[in-house]
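Encoded as structure tokens, the structure appears first; notes follow it.
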Amino acid sequence: MAACFSSSSLPCTKADWPACGYAFVSDAPFAVLSVFWLGYGLAHLRRLGSAGSFLHFDVDAIHDPVAQGIAIALAQRKSGSHRRIQLQRYLKLLGMWAEWPSYTYTPLAIGLKATGANGLVNPNLFTFNVYSEVLNITAAVLSGSLLLLLRHWRRVQHEPLLRRFGYPLVFDVLYIPLISTCTRLATCPAGYVHLSLPGGATCDCLDRFGIFWSVGFVGFLLLYSSALHYKMYIEPTGTTMEFRFQRGFQVIMVMARTLNPLMSMRANDSDLKQTSAIPVVAMIVFLACVLFLLVYSYKTQPCIGSGRIPNNIRVLSFASSLYTACSVLCVLAENGDDNALYWSLLPLPLVWLTAWKINGRRATQYHIPHLTILELLQMPSPQSKLVGTIAALHVDAAKVRHRDHDAIISQLLKIAKLARSGELLCRAYAIRILWFCHIENFRKTKTCVGELTPETAVPSKLWCKDRAIPMRLAKAKSTTSFFPLQDPTASSRKRVKIHRVSTITIPTKVDDEPEEPTTASAQSPRKWFIGGSHRSSKHSYRVSTLKTAPTEAYHVVCIRDKHWISRVEEPAAAHFHCVSLYHMALEALAQSCAQSDVRAMHQVARLLLEWYNARYLRLNGTILTHMLSTLCATNDVKLVTDATLTLLKVFGDGVVPYDLWLRNASYLNHFLLVFQQPYAPTILRAATLLQHVLALGEADEKTNLFQLLTPESMRLIHAALYKWHDDYAISERLEAICDSLYNIELHMHAHRLQEQLRRKSLAQTKINTNVLSWVQQQHKAMVTAIHRSAESMVTAVSMRIAQSVREFRSSGSSILSRRSHMSHRSVRLKSANLSLIRSSSRRSSLLTGTSSFSQLPLPVPSHRSTGRFQSSTGASFKEPADSIPSAHESNLASTNSRINSQQTLRDVEPRHAFLEDGAKIVIATESADVVPFHAPETEGPPPEAPPMPRPKRMPARTQRLATAQPFVFVTVALLSELDRRQSLRAQFQELLWEAKEGYEMAVQHPTNAEWFAAQLRQSPVAGSPQKRRQRHGNHDILDKFSRVLELYTFAENCAMEDFVHSGLDIRLRAFFDDHVAPFCALVAPASTKTTSRWWS
54 MAACFSSSSL
64 PCTKADWPAC
74 GYAFVSDAPF
84 AVLSVFWLGY
94 GLAHLRRLGS
104 AGSFLHFDVD
114 AIHDPVAQGI
124 AIALAQRKSG
134 SHRRIQLQRY
144 LKLLGMWAEW
154 PSYTYTPLAI
164 GLKATGANGL
174 VNPNLFTFNV
184 YSEVLNITAA
194 VLSGSLLLLL
204 RHWRRVQHEP
214 LLRRFGYPLV
224 FDVLYIPLIS
234 TCTRLATCPA
244 GYVHLSLPGG
254 ATCDCLDRFG
264 IFWSVGFVGF
274 LLLYSSALHY
284 KMYIEPTGTT
294 MEFRFQRGFQ
304 VIMVMARTLN
314 PLMSMRANDS
324 DLKQTSAIPV
334 VAMIVFLACV
344 LFLLVYSYKT
354 QPCIGSGRIP
364 NNIRVLSFAS
374 SLYTACSVLC
384 VLAENGDDNA
394 LYWSLLPLPL
404 VWLTAWKING
414 RRATQYHIPH
424 LTILELLQMP
434 SPQSKLVGTI
444 AALHVDAAKV
454 RHRDHDAIIS
464 QLLKIAKLAR
474 SGELLCRAYA
484 IRILWFCHIE
494 NFRKTKTCVG
504 ELTPETAVPS
514 KLWCKDRAIP
524 MRLAKAKSTT
534 SFFPLQDPTA
544 SSRKRVKIHR
554 VSTITIPTKV
564 DDEPEEPTTA
574 SAQSPRKWFI
584 GGSHRSSKHS
594 YRVSTLKTAP
604 TEAYHVVCIR
614 DKHWISRVEE
624 PAAAHFHCVS
634 LYHMALEALA
644 QSCAQSDVRA
654 MHQVARLLLE
664 WYNARYLRLN
674 GTILTHMLST
684 LCATNDVKLV
694 TDATLTLLKV
704 FGDGVVPYDL
714 WLRNASYLNH
724 FLLVFQQPYA
734 PTILRAATLL
744 QHVLALGEAD
754 EKTNLFQLLT
764 PESMRLIHAA
774 LYKWHDDYAI
784 SERLEAICDS
794 LYNIELHMHA
804 HRLQEQLRRK
814 SLAQTKINTN
824 VLSWVQQQHK
834 AMVTAIHRSA
844 ESMVTAVSMR
854 IAQSVREFRS
864 SGSSILSRRS
874 HMSHRSVRLK
884 SANLSLIRSS
894 SRRSSLLTGT
904 SSFSQLPLPV
914 PSHRSTGRFQ
924 SSTGASFKEP
934 ADSIPSAHES
944 NLASTNSRIN
954 SQQTLRDVEP
964 RHAFLEDGAK
974 IVIATESADV
984 VPFHAPETEG
994 PPPEAPPMPR
1004 PKRMPARTQR
1014 LATAQPFVFV
1024 TVALLSELDR
1034 RQSLRAQFQE
1044 LLWEAKEGYE
1054 MAVQHPTNAE
1064 WFAAQLRQSP
1074 VAGSPQKRRQ
1084 RHGNHDILDK
1094 FSRVLELYTF
1104 AENCAMEDFV
1114 HSGLDIRLRA
1124 FFDDHVAPFC
1134 ALVAPASTKT
1144 TSRWWS
């Protein structure tokens, strides 16, 4: 006989509920708890955003050095004793260690139940529950009551105690035992000893089960919701932990902690041996979830700060659960028994050791040692030094030991001066800290840093903010919610901003703690719980402040509710230090931009911006543009939007000239990164500014696009043109930008062509000069040889005369007279021959006659080939390799080439004339006379060279695509797209104007007005245009209506809707809204079957 109620003589058992017809009561509690667990958890995750926002997969975003530094700064304590017990840290770690057996047992519970091994393992050991349910309920009630009492009675005094010990004890250490107790009460699972009511009835009795269900469900609801609230809103704002997790991961871990006891009890309460498919499916789902958490934890190491041990514990728990789930799944798939399951669990310790060892290596890469700020600043690791610098920025100076002030400032000054290339971000934060160190005495000088006179500086109030940006509106809306999500670092970030300092207070000593506590005080329980507890800002100002002697080098000052280390110095020395900091900031800005270090660029530019807005810094136009353009290259959407708006105002108002961009190409390329932003007004402002800059560059003949724009900038411009095709204002400006780029590149191509021709002409002139020099050298050598030959002949004749004289003296006078007569005649003949040779040589050097080769027209080099020449008649020929022109030919070719080169250069028009009425393309063909030929000089003035042929005007599309020169900055495909958009808009405007005029003229007759009204009521696109013209003479007007509607509806990427409202004349817009727009809905059904449009 089944015993289901307490009135029965037999003890109640839950196994009899199906026999009594109440089997659904056994499953209903688990279903209700599961739905509440999943729904409430997903609701909290939804408040955090999408999956990409509540779970960050970017390791750099998770291990943000700012968040790590703030965590260490907030956990900084004045006591330097290493014997100080960190009870809160141990409570957190103990709560994570409690997850290890719970996660391991969850799949094991399903496997033991499916293999029939009941009662061999006590589930209470894995959930840290005692055997008696009375003790568990008592512990849960006491914990909840104590939290409620401390939270609602004298909350201000008890809040530090709750944050440091109360909340971690209940929601970390005791959470799994407490949630298991509530689940046991609500579900009454089999295999547990349950609480007995007066009279002996337990939850196994159906008439008493409602009592247990109500108490258990209320406890489950309160504990689960409170834990989620604590992990989302309270723990992230804590100030006493040196490690922390992101909100989304903490919510998932609370859900996992809750699910494991729920699944274990559900497995114990079910007969899984009869239905083997259910445990297999459950194991597959559980295995997928645990695998995701394990991979995510290993890849990202979600604990930031000093998180090596917490990350290892989480990976250990997930790896253990994963291996257990795999073992159970394999045993169930092979229909194994419990012995096979136990044997498969033997390598589990080896899995634990391996998981801890492997993850330890990766966790060390992101681990920040748990050291003081001074020790972190002195470490060689760039990551630790950066976190230490950020911690020094955000730390409350009253919590830093006074004897460490000098060492900290000296170390920060060393970083600011001698930072390495990889430490630019660390350098930016160090400069910010040093600014606060000197601002107290710098204010006394009543001067500014930067430009010496106001005349060379820009005004001080140029920074503008866009209040309508969606991020600011969303933030304002979120603050009105009941539980707004607060950035745990927002308040600390706000306090370290540079601003106009109105008052600086020097706190006085009230009740300072000793810097080195004694052993008794360090071991005092009061020090554990109260001495290092969280204090409000007002209480901290009163308790942990310092009184500094006048002879000390540093003291603590309070600026806007934050304590800073201030240097005791003269105002002149403070001014000198601030000037040095300004030059360091400019140097860091230049280095970060050169290295494309986005985070350093953001911090340095923001430092200068805040300094400028505080009116302690005067900037000139160049540095202001550099600073704002650098901000445009960062990832801060709000700063990028405001910087773009400020730049448009500065250049639009004429404060800074537009040609500054042309002289500083790096500024322009940083500014063009704005086109990555998703905010349409920002893109419109950037496009407007770039349009003005390129229009100025188009008028400047020296503009070189290869030096002005980078490939990344051009890619962004092209991507923006295709992305913002639905916004007419943006699309129009981007199209104008592409037109300017095309015109500038076109002129660059023409200038490059002229330069090539000039260089070829100079090269030919140099060749002719070399040939002439060679001819002159040969002529000189020939004349010298002739002279030497003549002199040798004279010498020979003289010798023969002397010999004859001697012979004459010896032979007699008769012979002498005869030989003397012959010698005189020979001398005269030789002298005449020598004179003839010399005069022939002079005539040959002055001869101006022409040869057969010199009578040919001079060859003109063709710009399409280097080895082929063209004559004035168009015939081309190869220049002989062995032909050497005469001196006259060389001089003539050199003169003609120089004249032609000068004439060609004079024919080049300036850019404004060259680009008038559209760009003009110089089309080079094989038969074109690039350099006109000049005939040899004749009597009379030489004829003037004909002007360079100018191309005929062609339509824009034909003119652009006719060129054979490939364009780099605006491709042919992009030119075709630009022409298509502009031509379709022009056709639309022209057709709309014709439709308006025709309609207004036609409706002046009453019959036409009635006919138009009837036709328009049907549809302006009904029937083909040919049939409508056959029926009535006014169908051509309806045909224009149809074409206008088709263009408006089906013209792709032309922003027709926006063009109508912002680009049309007001009369055309009114006509369109009154007579055409009502029929836009009828165009789509009537034109669905049309595959090609009439304009394509």
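For this note's numbering, add 53 to where a residue sits in the sequence shown, where the first one is 1.
Just so it is clear, CB atoms sit at the ideal spot from N, CA and C, and this is done for glycine as well.
Starting from residue i, trace the alpha helix (DSSP H) both ways and give me its first and last residue.
{"i": "H616", "result": "Unbroken run through H616 is the beta strand (DSSP E), H616 to R620; no alpha helix (DSSP H)."}
{"i": "V703", "result": "V690 to G705"}
{"i": "I461", "result": "H458 to L471"}
{"i": "P402", "result": "L401 to Q418"}
{"i": "G1051", "result": "V1025 to A1055"}
{"i": "T149", "result": "It is Met, not Thr, that sits at residue 149 in the sequence shown. Run containing M149: L140 to T168, per the alpha helix (DSSP H) assignment."}
Taking only three categories from DSSP, how would you classify residue i?
{"i": "C631", "result": "helix"}
{"i": "F296", "result": "strand"}
{"i": "I125", "result": "helix"}
{"i": "L424", "result": "coil"}
{"i": "I522", "result": "coil"}
{"i": "I331", "result": "helix"}
{"i": "V502", "result": "strand"}
{"i": "G1173", "result": "The structure shown does not extend to residue 1173, since the chain is modelled only from 54 through 1149, so no value can be given for it."}
{"i": "G358", "result": "strand"}
{"i": "T818", "result": "helix"}
{"i": "L670", "result": "strand"}
{"i": "T255", "result": "coil"}
{"i": "T837", "result": "helix"}
{"i": "F1132", "result": "helix"}
{"i": "T687", "result": "coil"}
{"i": "T558", "result": "strand"}
{"i": "L677", "result": "helix"}
{"i": "T75", "result": "Note that residue 75 is Tyr in the sequence shown here, rather than Thr. Note: Y75 maps to coil in three-state DSSP."}
{"i": "G219", "result": "helix"}
{"i": "V194", "result": "helix"}
I'd like to know whether the C-beta atoms of residue i and residue j end up nearer to each other than 8 Å.
{"i": "N666", "j": "W516", "result": "yes"}
{"i": "A643", "j": "L660", "result": "no"}
{"i": "L634", "j": "L439", "result": "no"}
{"i": "L737", "j": "I790", "result": "no"}
{"i": "S317", "j": "V343", "result": "no"}
{"i": "I421", "j": "G475", "result": "no"}
{"i": "D780", "j": "A733", "result": "yes"}
{"i": "L715", "j": "L761", "result": "yes"}
{"i": "L394", "j": "A372", "result": "no"}
{"i": "H608", "j": "A126", "result": "no"}
By the 10 Å Cβ neighbour count, where 16 or more other Cβ atoms means buried, how is residue i classified, buried or exposed?
{"i": "W266", "result": "buried"}
{"i": "L403", "result": "exposed"}
{"i": "M835", "result": "exposed"}
{"i": "T697", "result": "buried"}
{"i": "G74", "result": "exposed"}
{"i": "P995", "result": "Residue placement at P995 cannot be trusted, given a pLDDT of 45 that sits under 50; the coordinates are not used to answer."}
Following the continuous beta strand (DSSP E) through residue i, name the residue where it begins and the one where it ends.
{"i": "C611", "result": "Y607 to C611"}
**OP:** Spell out a yes or no on whether the region 159–166 and the region 372–381 are touching, meaning 3 or more CB-CB pairs, one atom from each, closer than 8 Å.
**Re:** Verdict: yes, contact present.
Original post:
Would you say the region 605–620 touches the region 487–502, given that touching needs at least three Cβ pairs under 8 Å?
Top reply: Flag = yes, the region 605–620 and the region 487–502 touch.
Original post:
Between the region 493–512 and the region 648–658, do three or more beta carbon pairs fall short of 8 Å?
Top reply: When C-beta atoms of the region 493–512 are compared with those of the region 648–658, fewer than three pairs fall below 8 Å, so the two segments do not count as touching.
Original post:
Taking contact to mean at least 3 C-beta pairs separated by less than 8 Å, is the region 432–447 in contact with the region 204–224?
Top reply: Output reads no: the region 204–224 does not touch the region 432–447.
**OP:** Spell out a yes or no on whether the region 68–80 and the region 252–261 are touching, meaning 3 or more CB-CB pairs, one atom from each, closer than 8 Å.
**Re:** Verdict: yes, contact present.
Original post:
Below 8 Å, can you find three or more Cβ-Cβ pairs linking the region 403–420 to the region 361–371?
Top reply: Judged by Cβ distances under 8 Å, the region 403–420 makes contact with the region 361–371, as three or more pairs qualify.
Original post:
Does the pairing of the region 1121–1136 with the region 798–805 give three or more beta-carbon distances under 8 Å?
Top reply: Three or more Cβ pairs closer than 8 Å define a contact, and the region 1121–1136 falls short of that threshold against the region 798–805.
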